[in-house]
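Enquirer: With the first letter of the sequence shown counted as 1, position 161 gets the number 160 in numbering that gives the first Met the number 0; the numbers rise by one all the way through.
Glycine included, every Cβ here is placed at the ideal spot set by N, Cα and C.
Values in this document were obtained by computation on a predicted structure and should not be read as measured data.
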Amino acid sequence: MVSDYDYSDDPACDEYLASHSPEDIIEGFTNAIAPSTYEEFLQSAIYAMKHCIAIVEQSGNRYYSFGEEELNSLLAGLMMGQSFSASTEKNRRGKIDITIEYGDFSWLVEAKLGKTNNYIFEGLLQILTRYATSEPDFGLLVYFQDKAPLTKFNKWCDYIDNEDWKKYSEKKEILEEVLDYIPKGECKSIESDNQMLAQRQMTTSHGSSINIQYLGVNLYHNPLDDSGRTGKGKNVFHAKQTVQNEYLAYQENADCDVDKLMRALGVIFEQSKDFNKM
Numbered sequence: 000m001v002s003d004y005d006y007s008d009d010p011a012c013d014e015y016l017a018s019h020s021p022e023d024i025i026e027g028f029t030n031a032i033a034p035s036t037y038e039e040f041l042q043s044a045i046y047a048m049k050h051c052i053a054i055v056e057q058s059g060n061r062y063y064s065f066g067e068e069e070l071n072s073l074l075a076g077l078m079m080g081q082s083f084s085a086s087t088e089k090n091r092r093g094k095i096d097i098t099i100e101y102g103d104f105s106w107l108v109e110a111k112l113g114k115t116n117n118y119i120f121e122g123l124l125q126i127l128t129r130y131a132t133s134e135p136d137f138g139l140l141v142y143f144q145d146k147a148p149l150t151k152f153n154k155w156c157d158y159i160d161n162e163d164w165k166k167y168s169e170k171k172e173i174l175e176e177v178l179d180y181i182p183k184g185e186c187k188s189i190e191s192d193n194q195m196l197a198q199r200q201m202t203t204s205h206g207s208s209i210n211i212q213y214l215g216v217n218l219y220h221n222p223l224d225d226s227g228r229t230g231k232g233k234n235v236f237h238a239k240q241t242v243q244n245e246y247l248a249y250q251e252n253a254d255c256d257v258d259k260l261m262r263a264l265g266v267i268f269e270q271s272k273d274f275n276k277m
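1) In angstroms, rounded to a whole number, what distance separates the CA positions of Arg92 and His237?
2) Can you give me the C-alpha to C-alpha distance between Ile24 and Glu39, rounded to a whole angstrom?
3) Exposed or buried, Tyr246, counting other C-beta atoms within 10 Å across all chains shown (16 or more means buried)?
4) Could you give the DSSP three-state label for Leu218: helix, strand or coil?
5) For the alpha helix (DSSP H) that Met78 lies in, which residues bound it at each end?
6) Under 8 Å by Cβ, that's how I've got Phe143 and Tyr213 pegged, so tell me the actual separation to the nearest angstrom.
7) Helix, strand or coil, according to DSSP, for Glu162 in the structure here?
8) Measuring alpha carbon to alpha carbon, tell me which residue in Leu127, Glu176 and Gln81 is nearest Ile95.
9) Pull up the DSSP beta-bridge partners for Trp285, would you.
10) Classify Lys170 as buried or exposed, calling it buried when 16 or more other Cβ atoms lie within 10 Å of its own Cβ.
11) Near Ile181, which residues of its chain fall below 6 Å by C-beta distance, leaving aside the five closest residues on each side in sequence?
12) Quick check on the burial criterion: 16 or more other C-beta atoms within 10 angstroms. Buried or exposed for Ile173?
13) Under three-state DSSP, which class holds Cys255?
14) Is there contact here, the segment 117 to 124 with the segment 67 to 87, by at least three beta-carbon pairs under 8 Å?
15) Which partner residues does Ala110 have in the DSSP bridge list?
16) Give a yes or no on whether the C-beta atoms belonging to Phe104 and Ile211 are separated by under 8 Å.
17) Is it the case that the Cβ atoms of Asn117 and Lys154 are separated by a distance below 8 Å?
18) Measure the alpha-carbon distance for Lys183 versus Tyr62 and round it to whole angstroms.
19) In the DSSP assignment, find the unbroken beta strand (DSSP E) run with Asp96 in it and report its ends.
20) For a test of the three-state rule: what should DSSP assign to Glu175, helix, strand or coil?
21) For Val266 versus Asn221, is the C-beta distance shorter than 8 Å?
22) Which residue wins for smallest C-alpha separation from Thr132, given the options Cys156, Phe152 and Leu107?
23) Rounding to the nearest angstrom, what Cα-Cα distance links Asp258 and Asp179 in this structure?
24) Report the CB separation of Ala47 from Met78 in whole angstroms; it is logged as a contact under 8 Å.
25) Among residues of its own chain, excluding the 5 on either side of Asn60, which ones have a beta-carbon nearer than 6 Å to its beta-carbon?
26) Might you give, ordered along the chain, the residues of its own chain that have their beta carbon closer than 7 Å to the beta carbon of Ala263, omitting 5 neighbours on each side?
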């Protein structure tokens, strides 16, 4: 469940504009452009990332089939256009997907395709047990390429808050250790105009408290108009997504829809030159 966040301290939100004087508003935006404290940096970095995500989402017809590395490079490039230094695969106890920097400040971001909650959870474990030490904040970016991204984002928040991760951790024989890293709590929304941006407090293997910012990206693109229905590339991509989803469901001992799987394989084989030559 995503609970409320106080927007009145964020110069990017309408609540801030309504409750502050013109002088405070100017100062707030100056801090966002040229942050002088870590808090100002983080606030402006999240706001800039939200803007970059919106650019990618608005061009979802171009990027819906991109992989993790391609999407990370795209967002890092866009962040550089927002006056930040941004890089991919920078080493910090392992290869960090995206590193955002401004002066001496940095915000690290791990990215995962939103295949299943268990798959996203592996990204969270990377943050808590591999990368993070004394960082006060860390981003977890999730690319949703399947239908109903908002529903999937909320289910991810519930997966953590309702402790559904315990079943997966027990299966992987890591539950006893992971219990130390994820205290009981709730996701908190951190943007009034973005429904896939939330924050959750956790603990790193270093023993320090850390805020994990969840950032969802809507890459679902499946137009059903006449020209959309006949798009071969789009249809094959979604068929592959279906095959992947059914296989992951099978792996996790969930119900597998064999009819849906067969229809998806049919779409893939129909577009396969090698299959047609057999």
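Expert: Looking at the coordinates:
1) Position 93 of the sequence shown holds residue 92. Position 238 of the sequence shown holds residue 237. In a straight line, the C-alpha of Arg92 is about 35 Å away from that of His237.
2) For the purposes of this step, residue 24 is identified with residue 25 of the sequence shown, where counting begins at 1. For the purposes of this step, residue 39 is identified with residue 40 of the sequence shown, where counting begins at 1. Confidence at Ile24 is low in this model, with a pLDDT of 39, below 50, so its placement is unreliable and the value that follows should be read with caution. Whole-angstrom Cα-Cα distance: 14 Å.
3) In the sequence shown, the residue the question calls residue 246 occupies position 247. Classification of Tyr246: exposed, given that the 10 Å Cβ count is below 16.
4) As a working mapping, residue 218 is identified with position 219 in the sequence shown. Leu218 carries a coil assignment under DSSP once its states are collapsed to helix, strand and coil.
5) Indexing the sequence shown from 1 puts residue 78 at position 79. Where Met78 is concerned, the enclosing alpha helix (DSSP H) stretches over Glu67 to Met79.
6) Counting from 1 along the sequence shown, the entry for residue 143 is found at position 144. Counting from 1 along the sequence shown, the entry for residue 213 is found at position 214. Contact flag wrong, Cβ pair sits at about 12 Å.
7) The residue you call residue 162 lines up with position 163 of the sequence shown. In the three-state DSSP reduction, Glu162 falls in the coil class, being neither helix nor strand.
8) For the purposes of this step, residue 95 is taken as residue 96 along the sequence shown, with counting starting at 1. The option with the nearest alpha carbon to Ile95 is Leu127.
9) Because the chain is modelled from 0 through 277, residue 285 falls outside the range shown and cannot be assessed.
10) Within the sequence shown, residue 170 is the residue found at index 171, counting from 1. Answer is exposed; the Cβ neighbour count stays below 16.
11) On the sequence shown, position 182 is the one that residue 181 refers to. If we look at Ile181 and ignore the five residues flanking it on each side, its Cβ neighbours are Met201.
12) Here residue 173 refers to the residue found at position 174 when the sequence shown is read from its first residue. With fewer than 16 other Cβ atoms within 10 Å, it is exposed.
13) Counting from one through the sequence shown, the residue named residue 255 turns up at place 256. Here Cys255 sits in coil by DSSP.
14) Touching, no, given that fewer than three Cβ pairs across the two stretches are closer than 8 Å.
15) If you number the sequence shown from 1, residue 110 lands on position 111. Beta-bridge partners of Ala110 (DSSP): Leu140.
16) Taking the sequence shown and counting its residues from 1, the one referred to as residue 104 is at position 105. Taking the sequence shown and counting its residues from 1, the one referred to as residue 211 is at position 212. In this structure, Phe104 keeps its C-beta atom at 8 Å or more from the C-beta atom of Ile211.
17) In the sequence shown, counting from the first residue as 1, residue 117 sits at position 118. In the sequence shown, counting from the first residue as 1, residue 154 sits at position 155. Note that the C-beta distance between Asn117 and Lys154 is not below 8 Å.
18) Here residue 183 refers to the residue found at position 184 of the sequence shown. Here residue 62 refers to the residue found at position 63 of the sequence shown. Within the model, the alpha-carbon separation for Lys183 versus Tyr62 is close to 36 Å.
19) For this step, residue 96 is matched to residue 97 along the sequence shown. Counting along the chain, Asp96 sits inside the beta strand (DSSP E) bounded by residues Lys94 to Tyr101.
20) If you number the sequence shown from 1, residue 175 lands on position 176. The answer is helix: DSSP assigns Glu175 an H, G or I state.
21) Stepping through the sequence shown from its first residue, residue 266 is reached at position 267. Stepping through the sequence shown from its first residue, residue 221 is reached at position 222. Remark: C-beta atoms of Val266 and Asn221 do not approach each other more closely than 8 Å.
22) By 1-based counting over the sequence shown, the position of residue 132 is 133. Of Cys156, Phe152 and Leu107, the residue nearest in Cα terms is Leu107.
23) Taking the first residue of the sequence shown as position 1, residue 258 is located at position 259. Taking the first residue of the sequence shown as position 1, residue 179 is located at position 180. Note on geometry: alpha-carbon atoms of Asp258 and Asp179 lie some 42 Å from one another.
24) For this step, residue 47 is matched to residue 48 along the sequence shown. For this step, residue 78 is matched to residue 79 along the sequence shown. Yes, they are in contact, since the Cβ atoms of Ala47 and Met78 sit about 6 Å apart, within 8 Å.
25) Start at 1 with the first residue of the sequence shown, and residue 60 comes out as number 61. Its chain contains His220 as the residues whose beta carbon lies nearer than 6 Å to that of Asn60, once the 5 sequence neighbours on both sides are disregarded; these appear in chain order.
26) To locate residue 263, count along the sequence shown from 1; it is residue 264. The residues are Ala238, Thr241 and Val242.
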